[in-house]
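Some notes on the structure that comes next.
Residue numbers (the numbering used here), protein chains in the order written: chain A, 560 to 949; chain B, 205 to 427.
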């Protein structure tokens, strides 16, 4: 008996001593905490080193490069058609959208224009990629706040869209469907009707999630007023996409600079939100999924006939020159600066990926917030690791 | 902004003046004067301006403060030196890592010309007029240093860190140039053209089978 109580007492003293040591550390110089590289909130291998004063972040330093693949270097030793395979893997949830700006930049250099049908189908897949991507974001958001249900709904309903992408392109995640001058294939029979059914499923998903998540009191109290980004700061950091529109900046490349994609033929709306907080970013993405459904539906109805490939040589040589094309991708603005010196391969490809710039605001944004909010802010900024590390 | 539908491209070919971009170019020339070394304007598409090396920082400042270019898009570096390892894929001479090309082609400097091996390149955007401009400046070969944009555009921080580790270009005034992607003890600047892509040098690219046996390309390697 005595032995056990002695041991208990010893354990108690040891605990007290440990607590005292922790307290001492906290008061003296703060605590350094590693989030990641395997933390679920980091969607892959992002590591964030935070220095804490109690619960408050003094300093946050994202550490990247665990998945750096050097696509800019690799692109220099591949032919233009081979590069699309690489860039598919940048933002792997909306892969087709990665191919589009690169192909458009090459087409601009070659002075080739894709036929209208190809442009229409490109835009459809661009938007389907956005739906598949952001749907998963909306589900994932719940998980990071402790709500498990949304992610199951998201994975279930996203599958309808992925099935459609697979039916037409053969690839669920990496279609590699875009070609310089057009597309690899035409749409299969019956695809248009099936896609409309899939869009209805996504609309239903949005309605469910709006009730389930956006209206939830816990969700609101944890995201409203948290992680506020003023418009001017966001622009200086190069924030794009829903992140900057949630700060009240009415800017969407699909409307303002529709390079070779027929967004101007469709009746749709650019959503903005004046608040700039985490809630605004989440809410805005949900509206954009709905808007994407509308865009796709209209495009499906108006899709013109005709060929899907322009006349391009079999061996693609891009004439000397430099071209820059940016499109509005699921995560924000994605652009390629292609320098050609007239060969089979690009001389230099600068890839401007959305998440890289979106995340660069993190050290500024996380300063002074409380530790649990770090997770919601990161979730609402929405990044894909492949899009940061390239 | 002119949409690139086929109906409109015909009209832009007749009217070759792009008023918005031309006015912007004139304004930049008026403000910076001699510092604007070269420019390149493709009507309806894009504008390039190359400034002197020491005007790299002030150009950004001017564009942000006076021309309302509030959005920082990206910045990077171009290494204009042709790769001494050949194109690694189409040329047969570059199979072995120790046999650089016998003659390295001359440097070509793209649309706005240039005098040095490295050029910094950056892009900023005006949300009011929806015009973007690509800025370039030579990086002096001896000092390898240009002004940092971080004090003007906070987002330039990571972009310049990346350019610093990948190309070895220094940015004066940057608050902390340290590695972004690469491990701390990495040696060399991987994006430089003379940094060999080892995987490609030890084993020929299997994709070569797909591109070579085209009928008009049988002599091979002209590219």
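A virtual CB, placed ideally from N, CA and C, is assigned to each residue, including glycine.
Since this is a predicted model, take the numbers as computed values, not measurements.
{"Check": "Closer than 8 angstroms to chain B by CB, residue 679 (chain A)", "Outcome": "no"}
{"Check": "Under the three-state DSSP convention, the category residue 947 (chain A) falls into", "Outcome": "helix"}
{"Check": "Exposure label - residue 337 (chain B); buried when at least 16 CB within 10 Å", "Outcome": "buried"}
{"Check": "Own chain partners of residue 732 (chain A) with C-beta closer than 7 angstroms, once the 5 adjacent residues on each side are dropped", "Outcome": "651, 654"}
{"Check": "Chain-ordered residues of the stretch 632-660 of chain A with a beta carbon less than 9 angstroms from chain B", "Outcome": "632, 633, 635, 636, 637, 638, 640, 641"}
{"Check": "The stretch 783-802 of chain A in contact with the stretch 872-884 of chain A per 3-pair CB rule at 8 angstroms", "Outcome": "no"}
{"Check": "Stretch pair the stretch 913-928 of chain A + the stretch 885-894 of chain A: three plus CB contacts closer than 8 angstroms", "Outcome": "yes"}
{"Check": "Span separating the alpha-carbon of residue 753 (chain A) from that of residue 645 (chain A)", "Outcome": "30 angstroms"}
{"Check": "Cβ of residue 802 (chain A) within 8 angstroms of any chain B Cβ", "Outcome": "no"}
{"Check": "Selected residue, minimal CA-CA separation from residue 777 (chain A), among A:935, A:867, A:720", "Outcome": "A:935"}
{"Check": "Rounded Cβ spacing between residue 671 (chain A) and residue 871 (chain A) (contact assumed at less than 8 angstroms)", "Outcome": "6 angstroms"}
{"Check": "8 angstroms Cβ cutoff, residue 323 (chain B) in contact with chain A", "Outcome": "no"}
{"Check": "Length-filtered (4 minimum) alpha helix (DSSP H) runs lying within the stretch 700-744 of chain A", "Outcome": "708-728"}
{"Check": "Cross-strand partners of residue 329 (chain B) (DSSP beta bridge)", "Outcome": "B:275, B:336"}
{"Check": "Candidates A:591, A:607, A:589, A:590: closest to residue 597 (chain A) by CA position", "Outcome": "A:607"}
{"Check": "Where the stretch 345-379 of chain B meets chain A: residues whose CB sits under 7 angstroms from a CB there", "Outcome": "357, 358, 359, 361, 362"}
{"Check": "Any 3 or more C-beta pairs closer than 8 angstroms across the stretch 689-706 of chain A and the stretch 718-726 of chain A", "Outcome": "yes"}
{"Check": "Nearest-angstrom beta carbon gap, residue 609 (chain A) and residue 594 (chain A) [assumed within contact, 8 angstroms]", "Outcome": "6 angstroms"}
{"Check": "Neighbour flag for residue 278 (chain B) against chain A, beta carbons, 8 angstroms", "Outcome": "yes"}
{"Check": "Segments of 3+ residues assigned as beta strand (DSSP E) that fall wholly inside the stretch 221-269 of chain B", "Outcome": "240-246, 250-255"}
{"Check": "Beta carbon of residue 359 (chain B) nearer than 8 angstroms to that of residue 796 (chain A)", "Outcome": "yes"}
{"Check": "Cβ contact (3+ pairs, closer than 8 angstroms) linking the stretch 253-269 of chain B and the stretch 339-358 of chain B", "Outcome": "yes"}
{"Check": "Delimiting residues of the beta strand (DSSP E) encompassing residue 618 (chain A)", "Outcome": "615-622"}
{"Check": "Residue 282 (chain B): contacting residues in chain A (beta-carbon distance under 7 angstroms)", "Outcome": "898, 907"}
{"Check": "N-terminal and C-terminal residue of the alpha helix (DSSP H) that residue 753 (chain A) is part of", "Outcome": "750-768"}
{"Check": "Min CB distance residue 318 (chain B) to chain A below 8 angstroms", "Outcome": "no"}
{"Check": "Cβ-Cβ distance between residue 668 (chain A) and residue 899 (chain A) below 8 angstroms", "Outcome": "yes"}
{"Check": "Distance between beta carbons of residue 328 (chain B) and residue 264 (chain B), contact taken as under 8 angstroms", "Outcome": "7 angstroms"}
{"Check": "Own chain partners of residue 901 (chain A) with C-beta closer than 8 angstroms, once the 5 adjacent residues on each side are dropped", "Outcome": "876, 877, 878, 879"}
{"Check": "Bridge partner(s) assigned by DSSP for residue 881 (chain A)", "Outcome": "A:898"}
{"Check": "Nearest-angstrom Cβ-Cβ length linking residue 684 (chain A) and residue 649 (chain A), presumed shorter than 8 angstroms", "Outcome": "With a Cβ gap of about 16 angstroms, residue 684 (chain A) and residue 649 (chain A) do not count as contacting."}
{"Check": "Residue-chain proximity (residue 941 (chain A), chain B), Cβ-Cβ < 8 angstroms", "Outcome": "no"}
{"Check": "Neighbourhood of residue 664 (chain A) by C-beta, 6 angstroms cutoff - its chain only, sequence neighbours within 5 removed", "Outcome": "882, 884, 895, 897"}
{"Check": "Neighbouring residues, chain A, relative to residue 315 (chain B) (Cβ below 8 angstroms)", "Outcome": "880, 881"}
{"Check": "Below-8 angstroms beta-carbon distance, residue 806 (chain A) vs any chain C residue", "Outcome": "Included in the structure are the protein chains A and B, with no chain C among them."}
{"Check": "Residues of its chain near residue 208 (chain B), where Cβ-Cβ distance is below 6 angstroms and the 5 sequence neighbours each way are ignored", "Outcome": "Reliability of the predicted coordinates at residue 208 (chain B) is poor, the pLDDT of 49 falling under 50, and the value obtained from them is presented with this limitation in mind. Excluding positions up to five away in sequence, the list is empty."}
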